[in-house]
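Below is one structure, written out as structure tokens, with a few remarks after it.
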Amino acid sequence: MRACDYCGVPATRRPILECQQCKKHFCATCFENKTNPKAFPEMYRRFIMCPECYLKKYGKSGNKLKK
174 MRACDYCGVP ATRRPILECQ QCKKHFCATC FENKTNPKAF PEMYRRFIMC
224 PECYLKKYGK SGNKLKK
């Protein structure tokens with residue numbers, strides 16, 4: 174059974190998403206706690222990714238980081 178890799182909550186209690194880059198499992202609550210609360214809907218529209226991958230790509234602001 175899948176569970177959040179960050180908080181350990183099982184899929185029976187919360188919806189669990191899978192990062193499309195690193196394949197980690199996470200819940201929306203952990204994503205919002207590690208990034209910012211407004212980032213979840215935007216991430217869901219763009220590309221499903223865990224908090225770590227999201228912060229690497231977009232940072233806290235949600236704008237794509239320049240390389």
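Using the numbering used here, the first residue of the sequence shown is number 174, and each one after it goes up by one. The C-beta atom is built at its ideal place from N, Cα and C for all residues, glycine as well. Here the structure is a predicted model, which is why all the values come from computation and not from measurement.
Exposure label - PHE253; buried when at least 16 CB within 10 Å: Limits of the chain in this structure are 174 at one end and 240 at the other, which puts residue 253 out of reach.
Assigned exposure category for ALA184 - 16 Cβ within 10 Å defines buried: Position 11 of the sequence shown, counted from the start, is the residue given in the question as residue 184. ALA184 should be labelled exposed.
Within 10 angstroms of the Cβ of TYR217, are there 16 or more other Cβ atoms? Answer buried if so, exposed if not. Sequence index remark: in the sequence shown, residue 217 carries index 44 (1-based). So TYR217 ends up on the exposed side.
Can you tell me the Cβ-Cβ gap for PRO224 and CYS203, rounded? I've got them flagged as a contact below 8 Å. Position 51 of the sequence shown holds residue 224. Position 30 of the sequence shown holds residue 203. Right, their Cβ atoms sit about 7 Å apart.
Spatial neighbours of GLN193 in its chain, beta-carbon cut-off 7 Å, leaving aside the 5 residues before and after: Reading the sequence shown from its first residue, position 20 is the one you call residue 193. Excluding sequence neighbours, GLN193 sits near PHE220, ILE221, MET222.
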